[in-house]
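Accompanying notes for the structure given below.
Protein chains: 2
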Amino acid sequence: MFGLPGLMCTISQNNQRTDPVEVYGPVGLRKFLRVSLELSRSLLGFSYTVHELECLTSQYPDDWNKRWKVDHSSSYQCHPNEKNGTTLKPDQNSIWNLFSDDKMQVSAIWLKHRIPSFGFIIQEKPLPGKLDPVKLKARGLKPGPEYGKLKQGLCVTLPSGEVIKPEEVMGPPRPGRKVVIMGDSCDSSELYKLGHDADVLVHEATLENDLKDSALEKGHSTPGMASKLASELKVKQLVLTHFSQRYKPMSADIKEGDETVKKLRLEAMEILRDDQVVVADDFMSLNIPMKSAIS
Amino acid sequence: MFGLPGLMCTISQNNQRTDPVEVYGPVGLRKFLRVSLELSRSLLGFSYTVHELECLTSQYPDDWNKRWKVDHSSSYQCHPNEKNGTTLKPDQNSIWNLFSDDKMQVSAIWLKHRIPSFGFIIQEKPLPGKLDPVKLKARGLKPGPEYGKLKQGLCVTLPSGEVIKPEEVMGPPRPGRKVVIMGDSCDSSELYKLGHDADVLVHEATLENDLKDSALEKGHSTPGMASKLASELKVKQLVLTHFSQRYKPMSADIKEGDETVKKLRLEAMEILRDDQVVVADDFMSLNIPMKSAIS
Chain A
3 MFGLPGLMCT ISQNNQRTDP VEVYGPVGLR KFLRVSLELS RSLLGFSYTV
53 HELECLTSQY PDDWNKRWKV DHSSSYQCHP NEKNGTTLKP DQNSIWNLFS
103 DDKMQVSAIW LKHRIPSFGF IIQEKPLPGK LDPVKLKARG LKPGPEYGKL
153 KQGLCVTLPS GEVIKPEEVM GPPRPGRKVV IMGDSCDSSE LYKLGHDADV
203 LVHEATLEND LKDSALEKGH STPGMASKLA SELKVKQLVL THFSQRYKPM
253 SADIKEGDET VKKLRLEAME ILRDDQVVVA DDFMSLNIPM KSAIS
Chain B
3 MFGLPGLMCT ISQNNQRTDP VEVYGPVGLR KFLRVSLELS RSLLGFSYTV
53 HELECLTSQY PDDWNKRWKV DHSSSYQCHP NEKNGTTLKP DQNSIWNLFS
103 DDKMQVSAIW LKHRIPSFGF IIQEKPLPGK LDPVKLKARG LKPGPEYGKL
153 KQGLCVTLPS GEVIKPEEVM GPPRPGRKVV IMGDSCDSSE LYKLGHDADV
203 LVHEATLEND LKDSALEKGH STPGMASKLA SELKVKQLVL THFSQRYKPM
253 SADIKEGDET VKKLRLEAME ILRDDQVVVA DDFMSLNIPM KSAIS
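Have a look at this one:
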């Protein structure tokens, strides 16, 4: 959360972006962004909207308002670039439906932590199938601009007057990819509702298995917890993140006796295959291949 | 400023620090830190205090409150770890005297920018001289624990009853080092009051010399402006920073035709020597050698 105002300023300064930005996050995010951008007097080159997820009562610890009462509302003026956002309530299954268009659907679930925390599920919509060379040939179509039209979902009329619809010469649609990105958590069991067969699950693993009690006490997970979840959900790849500073990243200058994130990776590999476990590092990027059609 | 709450959380979580932290910055910083730490419900392992620099009227642009009225005050409850801070006004020379102890003195000056901005001058106090072997020998002192006592500034009594004071066997005190760290600026002329003979001057150079008009319009500097200042103040080393994203850092993957920060470095070298110009990069550290005594 602390990096968000800087990210928005960077996007504005360097990318010459003018498209509106829609931000989703827990109640209080609108106030944080407004105060941060106001006090730094940051004007953006685009408008932005904050949609706040209203938390479940059960997400708050019992002493939430007793020990430290914090005002999460943003009752005063909008930022000059801010457009009114919405408050998003969970549905009857405790799922927050954030966004949906013809390309993807984004949902959120709650995670157990010392403060309200969320996991986000990004489900790509099914993609159109590939052109089928056998079917194309059978209909008398040769490689050329008609292929491009059909790929775009447009009909093609042959010189004979015959009309070919894309679905007649295409293979079956390909399933969309699913990416799950989880926040701080010591219990991610809500993910059993939406996380099955994810291509990538990004999950925290703050402390090693032997320190599970300490992890749970602080609202965090171990590699054993994350990999058990990934295995049960039949996730293709688990990306471990949010490591305690006691584990040096592999990119660091490592001396003998240092504990590294490799230890956490090996613990996850007690349940998952080697190629299923990725240890996140700053600026890492991960390619998620397109899926083949199920025939 | 955006990185400050995260830095404080990191210090608290990883360093087991319990000493109080004193933060100095422009009016509004107390509110920013309070709101950021509150909304993230971050409790720290130490207490902290924010001392706010009250800006000069001349630091505000004419339309400061007309275009966008921002409330910089923090009128509601303190953060649980927060101790009351002070408001620091400039003295009759427009210098903010922030801090002074037996080791260093920290002052601030104002810089011209589109919003209030400051430069900070850290002046190390003179360091005690080195033990003089000729003087030590003349007084009949041989290497041993007495040397340590004298180094610590303590008197030593010889078996004869003769008392030797540290200043009697030490060379002259060594001048302290001076480090100047400047914020965003398109006019740093206030530094002529305090910046002479600095060991290091960290100054922004957002855009190249040919884009000076654009730099000035946005409240920023060029390498030519920064190096002229450094040269006139007889600064030993100039560290350029705050580059526009159009210049790739030298650590990046550089392709033919890319503009890099090297261009900015070369422009500063039109006025300064090669070894006087340093281009800042993320996580860079710079050694500032101790000074010899002036004999």
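Chain order of the listed sequences is A and B. Take the numbering used here: the final residue in the first sequence is number 297, and no numbers are missing along the way. Take the numbering used here: the final residue in the second sequence is number 297, and no numbers are missing along the way. Here a beta-carbon is modelled for each residue, glycine too, at the ideal position from N, C-alpha and C.
Extent of the continuous alpha helix (DSSP H) to which residue i belongs
{"i": "V171 of chain B", "result": "168–171"}
{"i": "P147 of chain A", "result": "147–153"}
{"i": "L9 of chain B", "result": "6–16"}
{"i": "L31 of chain A", "result": "31–41"}
{"i": "L266 of chain A", "result": "264–270"}
{"i": "S216 of chain A", "result": "214–219"}
{"i": "K68 of chain A", "result": "66–69"}
{"i": "K137 of chain A", "result": "135–140"}
Element boundaries [beta strand (DSSP E), containing residue i]
{"i": "G226 of chain B", "result": "Here G226 of chain B belongs to no beta strand (DSSP E); instead the alpha helix (DSSP H) covers 225–234."}
{"i": "W98 of chain A", "result": "98–102"}
{"i": "P28 of chain A", "result": "23–28"}
{"i": "S191 of chain B", "result": "First-last for S191 of chain B: undefined, no H or E at that position."}
{"i": "A110 of chain A", "result": "106–113"}
{"i": "Q125 of chain A", "result": "119–126"}
{"i": "V52 of chain A", "result": "50–55"}
{"i": "I183 of chain A", "result": "180–184"}
{"i": "Q79 of chain A", "result": "Segment: none, Q79 of chain A is in no beta strand (DSSP E) and carries neither H nor E."}
{"i": "V237 of chain B", "result": "Looking at the DSSP string, V237 of chain B is not in any beta strand (DSSP E), and its letter there is neither H nor E."}
{"i": "E258 of chain A", "result": "Run containing E258 of chain A: none; DSSP gives neither H nor E here."}
{"i": "E206 of chain B", "result": "202–206"}
{"i": "V279 of chain B", "result": "279–281"}
Contact set between residue i and chain A, taken where Cβ atoms lie within less than 9 Å
{"i": "S38 of chain B", "result": "M3, F4, F34, V37, S38"}
{"i": "N298 of chain B", "result": "The requested residue 298 of chain B does not occur in the structure, where chain B is confined to residues 3 to 297."}
{"i": "I117 of chain B", "result": "S42, R43"}
{"i": "P82 of chain B", "result": "R69, W70"}
Rounded distance between the beta-carbons of residue j and residue i, thought under 8 Å
{"i": "S109 of chain B", "j": "L231 of chain B", "result": "Actually they do not touch by this definition, with Cβ atoms about 17 Å apart."}
{"i": "M10 of chain B", "j": "V23 of chain B", "result": "7 Å"}
{"i": "E192 of chain B", "j": "W112 of chain B", "result": "6 Å"}
{"i": "R141 of chain B", "j": "M292 of chain B", "result": "About 26 Å; that fails the 8 Å criterion."}
{"i": "L209 of chain A", "j": "S246 of chain A", "result": "6 Å"}
{"i": "L266 of chain B", "j": "L235 of chain B", "result": "At roughly 19 Å, the Cβ-Cβ gap does not stay under 8 Å, so L266 of chain B and L235 of chain B are not in contact."}
Among the options, nearest to residue i - alpha-carbon criterion
{"i": "S229 of chain A", "options": "A:D276, A:W98, A:V23", "result": "A:D276"}
{"i": "L160 of chain B", "options": "B:K153, B:G173, B:K144, B:Q154", "result": "B:K144"}
{"i": "L281 of chain A", "options": "A:G163, A:Y249, A:R69", "result": "According to the sequence displayed, residue 281 of chain A carries Val and not Leu. Closest by alpha carbon: A:Y249."}
{"i": "V29 of chain B", "options": "B:T59, B:Q15, B:P168", "result": "B:T59"}
{"i": "V136 of chain A", "options": "A:N211, A:G150, A:E170, A:D284", "result": "A:E170"}
{"i": "H298 of chain B", "options": "B:M227, B:M252, B:D260, B:H222", "result": "Here chain B covers residues 3 to 297 and nothing more, so residue 298 of chain B does not appear."}
{"i": "D104 of chain A", "options": "A:K114, A:P92, A:D134, A:Q125", "result": "A:Q125"}
{"i": "N95 of chain A", "options": "A:Y194, A:D255, A:R179", "result": "A:Y194"}
{"i": "G121 of chain A", "options": "A:P128, A:W98, A:G131, A:K132", "result": "A:W98"}
{"i": "K151 of chain B", "options": "B:K180, B:K167, B:Q61", "result": "B:K167"}
{"i": "V37 of chain A", "options": "A:C57, A:C80, A:V25, A:I13", "result": "A:C80"}
{"i": "G173 of chain A", "options": "A:D21, A:A295, A:T20", "result": "A:A295"}
{"i": "E45 of chain B", "options": "A:G47, A:I117, A:L6, A:Q278", "result": "Per the sequence shown, the amino acid found at residue 45 of chain B is Leu instead of Glu. Per the Cα distances, A:I117."}
{"i": "K68 of chain A", "options": "B:P82, B:K68, B:E258, B:P63", "result": "B:P82"}
{"i": "L138 of chain A", "options": "A:L274, A:M271, A:C57, A:V165", "result": "A:V165"}
{"i": "D64 of chain B", "options": "B:L39, B:P92, B:H115", "result": "B:H115"}
{"i": "F48 of chain A", "options": "A:V25, A:A207, A:Q61", "result": "A:V25"}
{"i": "L133 of chain A", "options": "A:I123, A:S119, A:Q154", "result": "A:Q154"}
{"i": "E189 of chain A", "options": "A:G178, A:T224, A:L156, A:S162", "result": "This sequence places Asp at residue 189 of chain A; Glu is not what is there. Nearest of A:G178, A:T224, A:L156, A:S162 to D189 of chain A, Cα basis: A:T224."}
Partner residues on chain B for residue i, Cβ-Cβ distance less than 8 Å
{"i": "G30 of chain A", "result": "L41"}
{"i": "T251 of chain A", "result": "At residue 251 of chain A the sequence reads Pro, which differs from the Thr that was named. Result: empty, since nearest Cβ-Cβ is about 13 Å, beyond 8 Å."}
{"i": "V72 of chain A", "result": "E40, L41, R43"}
Cross-chain neighbours of residue i in chain A, by beta carbon under 7 Å
{"i": "G8 of chain B", "result": "F4"}
Residue i CB to nearest heavy atom of the ligand SAM below 7 Å
{"i": "T208 of chain B", "result": "Summarising the ligand content, the structure contains no ligands, and the ligand SAM is consequently not present."}
For this session: Count the C-beta pairs between the stretch 168–187 of chain A and the stretch 197–217 of chain A that are closer than 8 Å, then say yes if the count reaches three, no if not.
Result: yes
Exercise. Are there three or more Cβ pairs, one per stretch, closer than 8 Å when the stretch 74–81 of chain B is compared with the stretch 32–39 of chain B?
Worked result: The stretch 74–81 of chain B vs the stretch 32–39 of chain B: in contact.
Exercise. Do the stretch 41–52 of chain B and the stretch 80–95 of chain B make contact, defined as three or more Cβ pairs closer than 8 Å?
Worked result: yes
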